[in-house]
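*Asks:* Under this note's numbering, think of the first position of the sequence shown as 458, with each following residue one higher. My questions all concern the structure below.
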Amino acid sequence: MDKIIEISFILCFAIIFIRVLRLVEDYFYHKFDITKENNLRERKIRTQIVFIRKLLITIIVIFTVAIILLSFENMRKIGTGLLTGVGIGGVIIGFAAQKSLGNLLAGFQIAFTQPIRMDDVLVVEGEWGKVEEINLTYVVVAIWDKRRLVLPINYFIEKPFQNWTRTTAEILGTVFIYTDFSIPVEKLREKLTSLLKSNSLWDGQVNVLQVTDLKERTMEIRCLMSCKNSGQAFDLRCYIREEMIQYIKNEFPESLAQTRVSISSYEELYKRAEIKA
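Written out as structure tokens, the structure reads:
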């Protein structure tokens, strides 16, 4: 009964420490709310809090198990005997757990240098998504279609990826339109301005329409607009694309992308044949 009570006290203290950590985490979550619009500082602090909390809980669990085992006399004798082989055992364990230790060290680096943060928008492995979890050894990215991409944490140290919210969530959206050369560009520019001003997704900063390229049969027109975040930029791009195409169809249907074919009359072809003869 004494041993059971002793172990119960040890477990209770461990649970209390873990609960206190959870309370501290909840306090900081409430203080640094990431649901507000400009949340760069909040995401930075929350990333560090999550990593530190998970690391401390892991340490508490390891120490609790060690204390319980050392409370048994037989375990103490085994531990004393194992101390003589700690050097060799440490080398063996180091080689065996090389990747795990590398992930753990990468986790420390990410927590404090922060190439990624909680709720960051990333393009990784060709997928667009948000950072949902940062654990000690892996990162979970929530993809836009509700899938989850799980990557080892050292992936973000060793390989390139796109972070769309590294310093700010603002982003430029582009829409490409391919039309005939005869279309009046200035009319399109005016239409783009009116569409952006009437849409609340536009942040009022960037509004540009330019002819960016000329192909053999079409003219490439780029509409450039700014938004507060990538989600709004995607919706605004779709809206502008639909409205501009509808405007061109209604006002300048002859200026839609088309292929020109020139057919000469029979008499003209006959004259050309006589000249050659």
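Where a beta carbon is used, it is the ideal one built from N, C-alpha and C, also for glycine.
Compute the beta-carbon to beta-carbon distance between Leu606 and Tyr595, rounded to the nearest angstrom, for a pair I have assumed lies under 8 Å.
*Replies:* Position 149 of the sequence shown, counted from the start, is the residue given in the question as residue 606. Position 138 of the sequence shown, counted from the start, is the residue given in the question as residue 595. Actually they are not in contact, since the Cβ atoms of Leu606 and Tyr595 sit about 10 Å apart, beyond 8 Å.
*Asks:* Relative to the alpha-carbon of Ile461, which residue among Phe485, Ile516, Glu482, Ser528 has its alpha-carbon at the smallest distance?
*Replies:* Here residue 461 refers to the residue found at position 4 when the sequence shown is read from its first residue. Considering only alpha carbons, the answer is Ser528.
*Asks:* Contact check, Phe613 vs Val580 under 8 Å by CB: the rounded distance?
*Replies:* Looking up residue 613 in the sequence shown gives position 156. Looking up residue 580 in the sequence shown gives position 123. Rounded, the Cβ-Cβ distance is 13 Å, inconsistent with contact.
*Asks:* So what does DSSP say about Asn531, is it helix, strand or coil?
*Replies:* Walking along the sequence shown from the start, residue 531 turns up at place 74. Residue state, collapsed to three classes: helix.
*Asks:* On the three-state DSSP scale, how would you describe Phe466?
*Replies:* Mapped onto the sequence shown, residue 466 falls at position 9. Here Phe466 sits in helix by DSSP.
*Asks:* Helix, strand or coil: which one does DSSP assign to Pro609?
*Replies:* Here residue 609 corresponds to residue number 152 of the sequence shown, with the count starting at 1. Three-state result, Pro609: strand.
*Asks:* Quick test of your reading: Met676 and Thr636, contact by CB under 8 Å. State the CB separation rounded to the nearest angstrom.
*Replies:* Numbered from 1 along the sequence shown, position 219 holds the residue referred to as residue 676. Numbered from 1 along the sequence shown, position 179 holds the residue referred to as residue 636. In this structure, Met676 and Thr636 form a Cβ contact; the two beta carbons are roughly 6 Å apart against a cut-off of 8 Å.
*Asks:* Only counting runs of 4 or more residues, tell me where the alpha helix (DSSP H) segments fall wholly within the stretch 669–722, in order along the chain.
*Replies:* 687–708
*Asks:* With Lys587 as the anchor, note down where its beta strand (DSSP E) starts and where it stops.
*Replies:* Taking the sequence shown and counting its residues from 1, one reaches residue 587 at position 130. Judged by DSSP secondary structure, Lys587 falls within the beta strand (DSSP E) whose first and last residues are 584–591.
*Asks:* How about Val663 and Leu629: do their beta carbons lie closer than 8 Å?
*Replies:* By one-based count along the sequence shown, residue 663 stands at place 206. By one-based count along the sequence shown, residue 629 stands at place 172. Yes.
*Asks:* Does the beta-carbon of Asn611, which I'm using as the reference point, lie nearer than 7 Å to any heavy atom of the ligand SAM?
*Replies:* This structure lacks the ligand SAM; in fact it carries no ligand of any kind.
*Asks:* One question on the structure: do Asn671 and Cys684 come within less than 8 Å of each other, judged by their Cβ atoms?
*Replies:* Along the sequence shown, read from residue 1 onward, the residue named residue 671 stands at position 214. Along the sequence shown, read from residue 1 onward, the residue named residue 684 stands at position 227. Before going on, a small fix: residue 671 reads as Leu here, not Asn. Not in contact: Leu671 and Cys684 (Cβ atoms no closer than 8 Å).
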